[in-house]
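**Q**
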């Protein structure tokens, strides 16, 4: 049995889905994956010491739309234990706790819908993990009353790279979008975030769960596992930088256009 390390989980999951209809091409892909696993057999999961009072939980969730047979989509999730620095825009030691790569249970109609279902699953798993952690730290804790238990458990962060989903969840009004199922899922997520979970947005390049949704090079995820550190950048600062770059580009284009205009003859 192959060990599902995070960097190979998606490839293995997608291959397993083809067992009943496998062809020579799939066998070659399986051999290729086995060769890759042998090359990277030294990949390790390191658990770092984090003070209990500083403990935070972080989930990275992502999805790939309609990349499986019959228009089904793949979702991935990676949950980490981190220190309080993760919520202060600082580098934090992290320890991978849970990860998975699996198909979304229903056929979805858009990338936004697939991302919403991926986030919903990660938020549920975060709550489950926090309740278990509270019980481990205090067996007399009222875990049968999850609202109270979650109120006393460490804060958590749910990280996504889909800006449209982030905006949809962050709105103070009732989420509105063309897909009613997605709107309902967004409402459910908003309600679950009240349990002490903050949603964060990162650039796609910083989405650690990307490798858990599709067959791709896992070197960046392996590098993260080796370093064991993570940082969530300030969303507002990132958007300001983007706006500044756009403004600078527009200004440069305007200057170039004005410079290229022919001068009126005297």
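Residue numbers (the working numbering): -11 to 254.
We put the beta carbon where it would ideally sit given N, CA and C, even for glycine.
All of these numbers come straight from a predicted model, not from anything done at the bench.
Alpha carbon to alpha carbon, how far is residue 105 from residue 255? Give it in angstroms, no decimals.
**A** In the structure as shown, the chain begins at -11 and stops at 254. Residue 255 is therefore absent and cannot be evaluated.
**Q** I'd like the span of the alpha helix (DSSP H) that includes residue 215, first residue to last.
**A** 207 to 215 is the span of the alpha helix (DSSP H), which, as asked, contains residue 215.
**Q** From 128, 92, 7 and 19, pick the residue whose C-alpha is nearest to that of residue 109; which is it?
**A** Checked all of 128, 92, 7 and 19; the closest Cα to residue 109 is 92.
**Q** Compare the C-alpha of residue 83 against each of 111, 37 and 150 and name the closest.
**A** That would be 37, whose Cα lies nearest to the Cα of residue 83.
**Q** Output needed for residue 35: all residues of its chain with C-beta closer than 7 Å, excluding positions within five of it in sequence on either side, in chain order.
**A** 83, listed in sequence order.
**Q** Less than 7 Å between the beta carbons of residue 154 and residue 116, yes or no?
**A** No.
**Q** Give me the Cα-Cα distance between residue 50 and residue 198, rounded to the nearest whole angstrom.
**A** Answer to the nearest angstrom: the Cα atoms are 6 Å apart.
**Q** Do the region 64 to 78 and the region 124 to 135 touch if we need at least three Cβ pairs shorter than 8 Å?
**A** No, because fewer than three Cβ pairs between the region 64 to 78 and the region 124 to 135 fall closer than 8 Å, the two stretches do not touch.
**Q** Is the region 131 to 141 close to the region 60 to 68, with three or more CB pairs under 8 Å?
**A** Judged by Cβ distances under 8 Å, the region 131 to 141 makes no contact with the region 60 to 68, as fewer than three pairs qualify.
**Q** In whole angstroms, give me the CA-to-CA distance for residue 27 and residue 9.
**A** Straight-line Cα distance between these residues: approximately 28 Å.
**Q** On a CA-only basis, which of 182, 39, 4 and 98 is nearest residue 169? Give me that one, please.
**A** Looking at the Cα atoms, 98 is the closest of the given residues.
**Q** If you check the beta carbons only, do residue 0 and residue 203 fall under 7 Å apart?
**A** Contact: no.
**Q** Assign residue 89 to buried or exposed, taking buried as 16 or more other Cβ atoms, counted over all protein chains shown, within 10 Å of its Cβ.
**A** Looking at its Cβ environment, which holds 16 or more other Cβ atoms inside 10 Å, residue 89 is buried.
**Q** Compute the distance between the beta-carbons of residue 196 and residue 48, then report whether it is under 7 Å.
**A** Yes, the pair counts as a contact, with Cβ atoms nearer than the cut-off.
**Q** Across which residues does DSSP place residue 87 in a beta bridge pair?
**A** For residue 87, which the question treats as bridged, DSSP gives the partners 66.
**Q** Ends of the alpha helix (DSSP H) at residue 179?
**A** Counting along the chain, the alpha helix (DSSP H) containing residue 179 begins and ends at 168 to 180.
**Q** So, under 8 Å CB-CB, residue 25 and residue -4 are touching, yes? Tell me the CB distance rounded to an integer number of Å.
**A** Going by Cβ atoms, the distance from residue 25 to residue -4 rounds to 6 Å, so yes, they are a contact pair.
**Q** Taking DSSP as the reference, what is the three-state secondary structure of residue 157?
**A** Residue 157 falls in the helix class under three-state DSSP.
**Q** If you reduce the DSSP assignment to three classes, tell me which class residue 104 lands in.
**A** Three-state result, residue 104: helix.
**Q** Pull up the distance between the alpha-carbon of residue -11 and that of residue 22, whole angstroms please.
**A** For residue -11, the pLDDT reaches just 36, beneath the cut-off of 50, and the residue's location in the model is therefore unreliable, leaving the point undetermined.
**Q** Between 205, 200 and 208, which has its C-alpha nearest residue 87's C-alpha?
**A** It is 200 whose Cα lies nearest to the Cα of residue 87.
**Q** Do you know offhand how far residue 120's Cα is from residue 111's?
**A** Approximately 14 Å, taken between the alpha carbons.
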